[in-house]
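**Student:** Numbering (my numbering), first residue to last: 127 to 409. All C-beta atoms, glycine included, are put in the ideal place defined by N, C-alpha and C.
(1) Could you give the first and the last residue of the continuous alpha helix (DSSP H) run that contains residue 157?
(2) Could you tell me which of 221, 357, 318 sits nearest to residue 406, measuring between CA atoms?
(3) Taking DSSP as the reference, what is the three-state secondary structure of residue 328?
(4) If you drop the 5 nearest sequence neighbours on each side, which residues of the same chain put their C-beta closer than 7 Å to that of residue 270?
(5) Under three-state DSSP, which class holds residue 374?
(6) Just checking, does the region 276 to 285 make contact with the region 244 to 262 on the three C-beta pairs under 8 Å criterion?
(7) Rounded to the nearest angstrom, what separates residue 305 and residue 293 at their Cα positions?
(8) Can at least three beta-carbon pairs, one atom from the region 198 to 216 and one from the region 239 to 249, be found at a separation below 8 Å?
(9) By the DSSP assignment, the alpha helix (DSSP H) with residue 351 in it spans what residues?
(10) Using 8 Å as the cut-off, classify the Cβ of residue 195 as near or not near the heavy atoms of the ligand NAP, replying yes or no.
(11) Does residue 344 pass the burial test, meaning 16 or more other C-beta atoms within 10 Å, or should it be called exposed?
(12) Of the residues 207, 371, 193, which one's Cα is nearest the Cα of residue 403?
(13) Mind checking whether residue 353 and residue 374 have CB atoms under 9 Å apart?
(14) With a 10 Å radius around its C-beta and 16 neighbouring C-beta atoms as the bar for buried, classify residue 241 as buried or exposed.
(15) Work out the CA separation of residue 310 and residue 175 for me, nearest whole Å.
(16) Does the contact criterion of 3 or more C-beta pairs under 8 Å hold for the region 149 to 159 versus the region 362 to 376?
(17) How big is the Cα-Cα spacing for residue 184 and residue 253?
(18) Identify which residue in 357, 255, 401, 389 has its Cα closest to the Cα of residue 372.
(19) Going along the chain, which residues of its own chain have a beta-carbon closer than 6 Å to the beta-carbon of residue 341, five neighbours each way excluded?
(20) Can you check whether the CB of residue 314 is closer than 9 Å to the CB of residue 187?
(21) Please list, in chain order, all residues of the same chain as residue 346 whose beta carbon is under 7 Å from its beta carbon, the five residues on each side excluded.
So, in structure tokens, the structure goes:
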């Protein structure tokens, strides 16, 4: 993992690498960790209990993981009492894309133009930029400002509970209260920013593993169209080093040159305190 540009001790620019050099975490990491077992790769953007809003940068070449910036300020998720930061390891499943031009039949809303999000609920706090192999358990359909924003619920295959958690119904049995806390978190986390509560399809019901696998299959198909230039990219950089049938494929040497031209570390900038708690009333 190549890192550059630190702001107030927070690394805000992660460039993914494999044994051959730089890669795109969105386009070059495979969807499946094990297709036969239906386990998936997950790119960790935000470790549990942290606040910095890190994400795969879709517009930048090779899609580095960067901290989101709004109005010139680094973005942090607020602590909505009693939660602190993100309550799971949060990230994305590579080689997926929620197409903003396609109406999701199950939600009635179009996609949010992002890779599909995943919340990993195992015991270990993961590292930013780490690639986990996860078992999918279910999905929650968040409606974010009128767009479909699927949240896949999954667990690291190496977690002690992984064998016991086979479907969404097992989560409440072995991790009581987690699904309720998850829905609450997703509902209220934008309120401290002055935004309304988020809404859900299916009245917030967490759909099962089979349903979630179908959703992942669909968004992987949309990504295939994207990487082959058979769908409008909408500003997404599709540069990659591994997809041989993609017109966006670049050579490894070019990828290395792109990384070498990345910004060098600059002076630290002060950020607003992120430890403040916000009492939010859930309706």
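**Tutor:** Taking the coordinates as given:
(1) Looking at the DSSP string, residue 157 is not in any alpha helix (DSSP H), and its letter there is neither H nor E.
(2) 318
(3) In the structure shown, residue 328 sits in a helix (DSSP, three-state: H, G or I).
(4) 238, 324
(5) Under the three-state reduction of DSSP output, residue 374 falls in the coil class, being neither helix nor strand.
(6) yes
(7) 13 Å
(8) Touching, per the Cβ criterion.
(9) 335 to 353
(10) The ligand content of the structure shown is nil, which means the ligand NAP is not present either.
(11) buried
(12) 207
(13) yes
(14) buried
(15) 16 Å
(16) Contact check between the region 149 to 159 and the region 362 to 376: three or more CB pairs, one atom from each, fall below 8 Å, which counts as touching.
(17) 21 Å
(18) Out of 357, 255, 401, 389, 357 has the C-alpha closest to the C-alpha of residue 372.
(19) 265, 276
(20) Not a contact, by the Cβ cut-off of 9 Å.
(21) Contacts found: 157, 221, 222.
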